[in-house]
Every structure is written in structure tokens, then in C-alpha cells.
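Enquirer: The following block contains the structure, expressed as C-alpha cells.
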Amino acid sequence: MKMKKLLIHIVIVAGLFFVIDRAAGLILKQLYRQSNATSEYKIGYANAETTEDFLFFGSSRCLHHFVPSVFEEAYGISCFNAADWGIKNIYYHYGLLGNILSRYTPKVIVFEIHPCDYLDTPYSGTERAGSLAPFCGMSEECDEMLKISGNYWPYKLSMVYRYTGSLPALLFGRWGGMDRSLMGWKPLDGQMDSTGLIAEEFPFPIHQEKLKLLERFIQDCQAKGIRLCLIVSPMYICTEQDVYKVPRDLAKRYKIPFFDYFRDLQFMGHAELFYDYGHLNREGAVIFSKKVCNDLKPQITQINIEN
Amino acid sequence: MVVNSLTFLWFFLFVMVVYYLCQTKKEVQNVFLLACSYWFYSQVDIKMTILLVILTLVFWLLGKGIYHFMEKEDERKAGLLTSLGVTIGIGALFYFKYLNFFAESIASFASFLGFHMSWTALHLVVPIGLSFFTFKLMSYVLDIHHGKLPPYGKTRKEDGGRRKDQSTPNPSYLGGEANDFICFANYIAFFPTILSGPIDRPKPFLTQTNSARQFNPDQLITGFRRVLWGMFLKMCIADRLDIYVSAVWNNYEHHSAISILFASLLYPLQMYADFGGYSEMAIGVALMLGFKVAENFKRPFFVLDIAGYWSRWHMTLTSWLTDYVFLPLNIKFRNWGVYGTIFAIMLNMMFIGMWHGANWTFFLFGIYHGLWYIPLMVGGGFFKKRKIKVNAHGWPKQQYVWKMIGIYLVVTFGLMLFHSATIGEFWHICERIATHWQGGLFTDLSAMVNGAICLIALIYVDIQEEWFPKYQLPLPHQINRWRWELTVAVEIVAILLFGVFDNNQFIYFQF
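Residue numbers (our numbering), protein chains in the order written: chain A, 1 to 307; chain B, 308 to 818.
Given below as C-alpha cells:
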């Protein structure tokens with residue numbers, strides 16, 4: 001085969017790849033939008049469809065702890081729990097914020113802060129930005145996070161690659177999964193077994209890049225006039241470490257409310273309210289949501305006055 | 308640097324461009340290839356690269372010495388040098404891979420007998436690819452001694468002296484003495500195959516270094532397609548199955564018998580896709596550089612007995628041990644009749660097991676497989692040709708399907724031993740299978756569905772290649788003329804959709 005013919009064949013392969021990739025990518029994108037599988041629904045809705053005024057950001061603790069209907073009834077504004085499980089960190093949250101702000105500006109964001117948002121945790125790094133892959137190109141912040149994760153150009157060049165490994169969830173996710181009427185909250189039913197538990201420790205240094213992103217998150221919210229609150233949910237058993245010093249100091253510096261329920265005695269040690277040592281069950285989530293709702297009232301009232 | 312990584316892609320693109328720019332000058336091309344191979348290996352460990360160079364030099368000199376004494380008909384000295392080469396090769400393997408294991412085993416046994424003996428394990432890093440390149444080094448000196456391979460630079464006509472091998476004439480080896488070491492070093496350090504094989508024999512490879520490899524678009528495409536298929540096997544099947552198998556196997560105490568059995572049944576397929584995938588990539592990359600290297604897998608589960616399995620699984624290791632271990636042992640013990648053959652087979656399989664690692668589980672794995680040869684030996688089936696007969700539609704007849712399933716189960720049980728960290732763990736797993744039938748099947752929808760879809764593709768391809776080699780999926784004529792381009796495009800999309808992209812290490816790198 002001559003060189004010229006080889007080049008023609010390479011061009012044909014590239015062309016066929018482009019067509020198949022785009023066609024399959026569009027089908028996958030459609031399946032993604034319609035999926036009820038927890039992550040696909042939560043991430044998809046939060047990034048591309050949410051229009052609610054009151055949003056919760058965070059990882060699994062936020063996903064299971066905050067009941068949007070409690071806040072909607074109390075404040076009279078629309079609310080959505082945009083959190084997702086899988087130890088999502090600031091790399092994901094910052095990209096999510098960028099995608100949301102490219103469409104509209106919510107009034108309130110309550111951010112359930114976790115040590116992986118500012119510490120150099122080995123189990124939660126730049127790979128978490130990979131969840132933003134289906135939204136490549138939606139906002140500069142999202143693309144920036146994808147570039148940091150090292151996968152921006154593959155996601156840019158291939159639509160199929162954005163959904164790698166998720167075909168089963170997309171195919172079967174239309175059945176079961178999340179109850180959309182719960183507005184993003186995923187309750188946990190059951191009670192924990194508290195025998196033999198020890199507190200989780202975080203012996204990790206501060207991650208400078210994560211910290212900078214967290215600051216940019218705060219700054220971007222303030223620039224858009226969003227009322228941002230940082231919050232820490234209760235744990236069944238808590239470390240003696242002052243693990244939330246960093247967000248507390250940040251909140252003080254940027255003058256944003258910081259609600260610390262980490263060692264709240266109403267929850268700490270009460271196994272009947274927990275599903276496992278770090279996640280409240282359904283009952284615990286409702287009690288906690290009502291408590292937070294009450295504590296947040298001055299912030300929300302302030303917004304209503306300003307409006 | 309793994310073959311299915313972006314780093315390797317950039318490296319290989321650079322190598323290919325410069326490599327074919329040098330195609331008018333064989334010496335330059337060979338030197339460049341060697342430099343790239345050493346650089347590639349140095350990314351693993353620079354100290355081990357020095358060891359590799361030293362061993363290559365030693366064996367090259369040994370080869371020269373063996374041939375020199377054979378020309379002088381001094382069989383004794385030639386034999387001594389050959390034995391020295393084999394000792395150095397086995398010695399290197401023993402030192403890095405087995406010293407701590409045997410010393411600790413002896414110390415444990417001595418303690419069991421009441422003698423106080425302790426051993427402080429040496430902190431040794433096993434060079435990646437050691438088991439593969441030491442076998443190539445030993446092949447070289449053994450083949451020279453057996454008359455199969457004159458040292459590079461001599462033509463057959465120049466080989467005066469005794470010649471044991473009266474097979475067809477070798478092609479004349481061109482090039483001067485200065486090229487000898489470079490070509491031999493390329494054989495040993497050839498980067499597509501140094502880490503995990505295939506274990507090539509010296510003659511076929513060295514013949515190819517005899518002349519510059521010219522840019523061949525057809526070969527390039529064939530090689531690329533094999534690389535792509537290898538990536539599919541590794542990333543879409545092996546790594547997907549690994550998610551499920553590891554989740555169950557690493558926590559077997561918390562899983563039911565049915566989950567453990569299911570994971571065990573998936574493991575042979577995972578191994579096949581992992582190692583077979585790597586071999587495909589290695590063969591493909593070699594082909595893109597103009598080298599044809601030995602095949603390593605040939606649909607190993609479509610067989611009727613254990614001998615058939617080993618004739619299709621890791622073929623280069625099997626044939627190496629058959630030629631250099633089994634056949635000499637079989638000749639040595641020929642006076643024992645069938646018992647001599649059985650003994651030779653058991654030793655051979657024991658070596659196959661131990662080759663994989665320093666653990667009693669590998670030893671027992673080898674013995675287990677050796678035991679399955681005994682019915683073949685005694686029944687006379689070992690020396691018979693094993694062919695699967697097909698029905699009128701071209702499918703294997705039902706009795707053969709059951710035999711294939713039977714062999715798959717035999718292999719599965721052996722791999723349970725292979726996969727266990729210790730014999731104790733293996734027994735605990737067997738115990739759990741026997742007693743913990745309560746509890747359902749562990750499910751991981753993503754791993755199972757993704758893996759199943761890709762497995763169906765593998766089974767389809769293997770069945771088609773085995774029993775319907777002329778069959779092609781019917782396509783409209785306009786699309787049919789672009790068949791292979793379409794296949795390539797679909798494969799790339801499939802890898803992007805189903806692949807695991809966290810650069811999982813190949814299982815056979817640890818051997």
C-alpha cells in the first residue's frame with residue numbers, strides 16, 4: 001500500500017470516528033439527561049437544569065442531610081440539594097458553580113464543607129473533576145477544572161469519552177434510583193451499629209491549590225451577590241483535631257456565616273439518628289434540616305429585606 | 308510507562324518517525340532502536356538497566372566463547388561456558404526472586420523441627436521483566452551450544468565444525484563483528500517485549516535485525532489494529548472484570564459462596580484479557596517497527612485437555628520450557644517409560660508454576676496442572692492430535708463443548724490457587740465456598756454490564772477466528788469497502804466508552 005493511500009485510509013478512519021463518536025455521544029447525552037440513577041441525575045440536574053434560588057453544595061454528607069422541602073416551606077423560596085456522593089471536592093464544586101452561574105444566579109448557597117476541600121487527601125484529588133466531563137465547554141470554570149484534572153482535551157475531542165463507564169447507569173437509570181420529588185435529597189433508612197467505632201482522623205497537610213480554589217469559590221459568590229454560608233454537619237463520633245480551622249478562618253476573613261454542627265450534642269453519640277458514623281438517617285436528616293433552617297433564618301430574612 | 312498510556316504514545320510516535328527516517332542505514336536504525344529500548348527500560352529503574360546491559364554483555368561474550376570452542380571441537384569447554392551462562396541466568400532469577408522465599412521457608416522448616424534459625428529478608432527489588440529477559444539470555448547460549456544459532460557475523464558456510472542441527476540452511480548473516488552486540492542487545496532489550504514477553508527465540512529475531520526494516524504501510528496498519536485490540540482486551544475487559552473480582556476476592560470474608568465462585572469463574576477471563584491484551588499490544592508495536600515476534604495466546608479455552616490449554620496459553624513460556632527443560636528431561640528419563648515422561652512433565656509444570664513467583668501457591672499451581680497430565684499420559688492421549696470436530700453448521704459438537712467447559716473449570720480452580728496470597732488464604736476461601744451459601748450474589752452493575760458487553764465481543768471474535776475464519780459480518784456494499792476502517796473507528800469508540808483509564812498495572816508485570 002502506498003503512502004498516499006495510507007493517508008487516505010487514516011483520514012477515513014478519523015472521519016468515521018468523528019461521526020460515530022458524535023452520534024453515540026448525542027445518544028449518551030440524551031440518556032444522561034433522562035437518567036434517574038443517583039449520580040447522573042444529581043450531577044446532570046445540578047449542572048444543566050437547576051433554577052432554584054437556594055442550593056446546597058457538598059458531598060455525600062450534604063446529599064443525605066439536607067431536606068429541601070423543609071427550607072422551601074420555611075422560606076418560601078425554591079430549594080435544591082445539588083450535592084453528590086463520591087467524596088466530591090472543591091475541584092468539582094468550583095466547576096459546578098461555574099456551570100450554574102453561566103445560566104443564572106442563585107440567591108443562597110449553603111456549602112457543606114469537608115476536609116477534602118482544602119486538605120491534601122490521597123483519596124480525593126483532581127480526579128473528582130471528572131464528574132464535570134459531560135459539561136465540557138459549558139463554562140470557563142468547568143473547563144479549567146477539567147484541565148487541572150488532565151483530561152480536558154480528551155473530553156473536548158471525544159463526546160463518548162465524557163460518559164466512559166457509565167453506559168449501564170444510563171441504560172438502566174431510567175428505572176428506580178432517585179425520587180425527583182425530593183429535590184435532590186437522598187434519605188438513608190436504617191440505624192447504625194455503633195460497636196467498635198473510632199473517629200476518622202485527617203493527618204493531611206493543607207493543599208494550596210484546593211485552598212485557592214475555595215477562596216475563589218467564596219469570591220465568585222460574593223461578586224455575584226450570592227449569600228454564601230459554610231456549614232459542617234454533625235458526626236456520630238468526632239476527632240479531637242481542630243479539622244475545620246481552615247474554613248472557619250476563611251469565613252471570618254470573608255465575613256461569611258459559618259455554622260459548625262460537627263460536635264453538636266443533639267446528634268453526636270445518638271446512634272438512632274445515624275445511618276453510619278458520618279451520615280444521618282432519614283429521621284436525623286429531618287431534625288437536622290429543621291435546626292439549620294431555624295439558624296439560617298436571619299440570613300434568609302436579610303435577603304428578603306434586600307430584595 | 309505502560310503501553311496503554313499517553314506517555315508511551317508520544318514516546319512511540321517519536322521512535323517510529325526517527326526509526327523509519329533511518330531505514331536506509333541498518334546500523335543506525337539498530338543503534339537507535341537499542342538506545343530507545345534502554346531509555347524505555349530506564350524509566351522503570353536506572354540501576355536495573357545497568358544490570359541488563361551487564362548481563363547482555365556477559366552473555367554475548369559467553370556466546371562468542373561457546374562458538375569458539377565448538378569450532379575447535381572442544382565440547383567440554385563449550386559445555387562449561389553454556390553451563391556458566393545457564394547458572395548466571397538462573398542465579399540472577401534465584402537471587403532477585405527466590406532467595407528470600409527459600410531462605411525464609413528453610414528457616415520456618417528448621418524452627419518447626421526445633422532448630423533455631425532466622426533469616427532477615429534482603430530488601431531486593433525484582434527487576435521488571437527479569438523472568439522474561441533471563442530466559443532470552445539463556446536461550447541464546449543454549450541455542451549456540453545446540454548448533455541452532457551461530458554467533459552473529461558468521462555465515463553457515465563459514466561454520467566449519469560439527470553441526471548437530473541439520474535443518475534448512477540459515478540465511479547468511481551479514482554485517483561485521485561490530486554489529487553483533489547491537490543486534491543481540493536489541494534482541495534482549497527490545498522494548499515492546501522486554502517487560503512481559505512474548506519470550507522470543509534468538510534466531511527468528513536476530514534474522515530480522517540483519518537488514519534495515521523498511522516502512523511498510525500494510526504492516527503498520529496490521530500492527531496498529533493488534534495494538535487497538537490489545538487495548539480493548541486490557542482496558543475494557545481485564546480492568547472492568549478486575550473491579551468486580553478484586554472487590555470480592557480482597558474481601559472474601561464478607562462475601563457469600565456464590566459471589567466468590569462467580570468472581571473465580573471470571574478470573575480466567577480477566578487473566579486472558581490482561582495478559583493476552585498485553586501480548587497483542589507488544590506484538591502490534593513490534594509489527595509497527597517491522598518485527599514479527601512470536602504469538603503468545605491462541606484462544607486457550609477452546610481445548611479438550613490440559614495439554615491443549617498449555618499449548619495455547621502463554622505459548623512462548625510453554626515452548627521455552629518444553630524445549631529446554633521437558634525434552635532434555637524426557638530424554639534423560641526415557642528408560643523409565645511413561646513414568647519418566649510423567650516425572651519430566653511434573654518437573655516442567657513445577658517450573659512453570661514457580662516461574663510466576665516465589666510462593667508455595669505457585670508451586671502447588673504447577674503441581675496441580677502437572678497432575679492433570681497424568682490421565683493423558685497413562686491413557687495415551689498426550690501424544691494424540693486433539694481436534695475439535697464440528698457439526699454440519701460448523702459449530703463444535705456437543706460432547707466437545709462439555710469438555711471445553713470442563714477444562715475451563717479445571718483452569719479456574721488452578722487460578723484460585725494462583726490468585727491466593729498464601730495457601731492458608733486458599734483454604735479459607737475454599738472453606739467459605741463450602742459453608743457460606745447464604746447471602747446473594749454481590750452485584751456491581753457498572754462493572755458487570757460493561758464487562759459483559761465487552762466479553763460478548765471477545766467471545767464473538769474468538770469463535771469466529773477459531774471455527775468461522777472466513778465469515779464476515781454482512782455489511783452493505785458501500786460500507787463493506789471501508790470495513791477495516793469502520794472496525795478501527797468502532798474499536799476506538801468502544802475503548803473510550805468501556806475502558807478503565809486509571810492505567811491499571813498489567814498482572815504479568817509482577818512476574
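Idealized CB from N, CA, C, for every residue including glycine.
1) Between the region 321–336 of chain B and the region 520–532 of chain B, are three or more C-beta pairs nearer than 8 Å?
2) Could you work out which residues of chain A lie near E792 (chain B), taking near to mean beta carbons separated by less than 8 Å?
3) Pull up the DSSP beta-bridge partners for V108 (chain A), would you.
4) For the region 156–167 of chain A, which residues have a CB atom closer than 8 Å to at least one CB atom of chain B, in sequence order?
5) Let me see if you follow: with CB-CB separation under 8 Å, is L101 (chain A) close to chain B or not?
6) What's the gap between the Cα of A410 (chain B) and the Cα of V393 (chain B)?
7) Which runs of the beta strand (DSSP E) spanning at least 3 residues fall entirely within the region 82–156 of chain A, listed in chain order?
8) Contact criterion: CB-CB distance below 8 Å. Does V697 (chain B) meet it with respect to chain A?
9) Could you name the residues of the same chain whose beta carbon sits closer than 8 Å to that of R469 (chain B), not counting the 5 residues immediately before and after it, in chain order?
10) Exposed or buried, Q785 (chain B), counting other C-beta atoms within 10 Å across all chains shown (16 or more means buried)?
11) Expressed to the nearest angstrom, what Euclidean distance is found between the alpha-carbon atoms of M268 (chain A) and C238 (chain A)?
12) In terms of residue numbering, what span does the beta strand (DSSP E) encompassing F274 (chain A) cover?
13) The beta strand (DSSP E) spanning D260 (chain A) covers which residue range?
14) Within the continuous alpha helix (DSSP H) that includes L328 (chain B), where are the two ends?
15) Is M145 (chain A) near G95 (chain A), with beta carbons less than 8 Å apart?
16) Taking 8 Å as the CB-CB cut-off, is S753 (chain B) touching chain A?
17) Count the other CB atoms within 10 Å of the CB of M183 (chain A); is the residue buried (16 or more) or exposed (fewer)?
18) Please classify V19 (chain A) as buried or exposed, where buried requires at least 16 other C-beta atoms within 10 Å of its C-beta.
19) Below 8 Å, can you find three or more Cβ-Cβ pairs linking the region 90–107 of chain A to the region 131–144 of chain A?
20) Sort out for me which residues DSSP pairs L280 (chain A) with in a bridge.
21) With distance defined between alpha-carbon atoms, name the residue in B:V768, B:I712, B:K691, B:I501 nearest to W346 (chain B).
22) With distances taken between CB atoms, is the gap from M578 (chain B) to L722 (chain B) smaller than 8 Å?
23) Since L197 (chain A) meets chain B, which of its residues come closer than 8 Å, beta carbon to beta carbon?
24) Assuming contact is defined by CB atoms lying nearer than 8 Å, are K210 (chain A) and I90 (chain A) in contact in what I supplied?
25) Report buried or exposed for V600 (chain B), applying the criterion of at least 16 other Cβ atoms within 10 angstroms of its Cβ.
26) Please return the same chain residues whose Cβ sits closer than 8 Å to the Cβ of M159 (chain A), not counting the five positions on each side in sequence.
27) Relative to the C-alpha of L328 (chain B), which candidate in B:R520, B:L364, B:S446 has its C-alpha closest?
28) Quick check on G460 (chain B): does DSSP put it in helix, strand or coil?
29) Does the distance from the C-beta atom of V108 (chain A) to that of D193 (chain A) stay below 8 Å?
30) Using a cut-off of 8 Å between C-beta atoms, extract the partners of L6 (chain A) located in chain B.
31) Give me the subset of the region 744–769 of chain B whose CB atoms are less than 7 Å from a CB atom of chain A, sorted by chain position.
32) If you check the beta carbons only, do M445 (chain B) and F609 (chain B) fall under 8 Å apart?
33) Can we say the region 554–563 of chain B touches the region 509–516 of chain B, given the rule of at least three CB pairs closer than 8 Å?
34) Roughly how many angstroms lie between the CA atoms of G660 (chain B) and I489 (chain B), to the nearest whole one?
35) In terms of DSSP beta bridges, what is V232 (chain A) paired with?
36) W789 (chain B) versus chain A: which residues are under 8 Å apart at the beta carbon?
Expert: Taking the coordinates as given:
1) Short answer: they touch.
2) Neighbourhood of E792 (chain B) in chain A, by CB distance below 8 Å: H9, I12, V13, L16, in chain order.
3) Per DSSP, A:F54, A:R227.
4) Those residues of the region 156–167 of chain A that come within reach of chain B (Cβ to Cβ, closer than 8 Å) are S158, V160, Y161, Y163, T164, G165, S166, L167.
5) Taking Cβ atoms only, chain B never reaches closer than 8 Å to L101 (chain A), which makes this a no.
6) The alpha-carbon atoms of A410 (chain B) and V393 (chain B) are separated by roughly 22 Å.
7) 108–112, all fully within the region 82–156 of chain A.
8) With 8 Å as the cut-off, V697 (chain B) does not count as an interface residue toward chain A.
9) For R469 (chain B), the predicted structure reports a pLDDT of 44, less than 50, and the residue's modelled location is therefore unreliable. The matter cannot be settled from this model.
10) With fewer than 16 Cβ atoms within 10 Å of its Cβ, Q785 (chain B) is classed as exposed.
11) So the two alpha carbons sit approximately 8 Å from each other.
12) Per DSSP, F274 (chain A) belongs to the beta strand (DSSP E) from 274–276.
13) Run containing D260 (chain A): 258–260, per the beta strand (DSSP E) assignment.
14) Start and end: 313–328.
15) Going by C-beta atoms, M145 (chain A) is nearer than 8 Å to G95 (chain A).
16) Yes, because at least one Cβ of chain A sits closer than 8 Å to the Cβ of S753 (chain B).
17) By the 10 Å Cβ count, M183 (chain A) comes out buried.
18) Of the residues assessed, V19 (chain A) falls on the exposed side of the cut-off, its CB having fewer than 16 other CB atoms within 10 angstroms.
19) Yes, the region 90–107 of chain A is in contact with the region 131–144 of chain A.
20) Bridge pairing for L280 (chain A): A:F274 [DSSP].
21) Minimum Cα distance to W346 (chain B) is reached at B:I501.
22) Yes, the pair counts as a contact, with Cβ atoms nearer than the cut-off.
23) Result: empty, since nearest Cβ-Cβ is about 18 Å, beyond 8 Å.
24) In this structure, I90 (chain A) lies closer than 8 Å to K210 (chain A) by Cβ.
25) Counting Cβ neighbours within 10 Å, V600 (chain B) comes out buried, since at least 16 surround it.
26) Excluding residues up to 5 positions away in sequence, D21, R22, A24, G25, L26, L28, K29 lie with their Cβ nearer than 8 Å to the Cβ of M159 (chain A) in the same chain.
27) When only C-alpha atoms are compared, the closest one is B:R520.
28) Per-residue confidence for G460 (chain B) stands at a pLDDT of 49, beneath the threshold of 50, marking its modelled position as unreliable; the derived number appears in the next sentence. Annotated three-state conformation of G460 (chain B) is coil, per DSSP.
29) Not closer than 8 Å, so no.
30) The contacting residues are P524, L527, I528.
31) Flagged, chain order: L752, S753, V756, N757.
32) When the beta-carbon positions are compared, M445 (chain B) and F609 (chain B) stay at least 8 Å from each other.
33) Flag = no, the region 554–563 of chain B and the region 509–516 of chain B do not touch.
34) The alpha-carbon atoms of G660 (chain B) and I489 (chain B) are separated by roughly 33 Å.
35) In DSSP, V232 (chain A) forms a bridge with A:D260.
36) I12, L16, listed in chain order.
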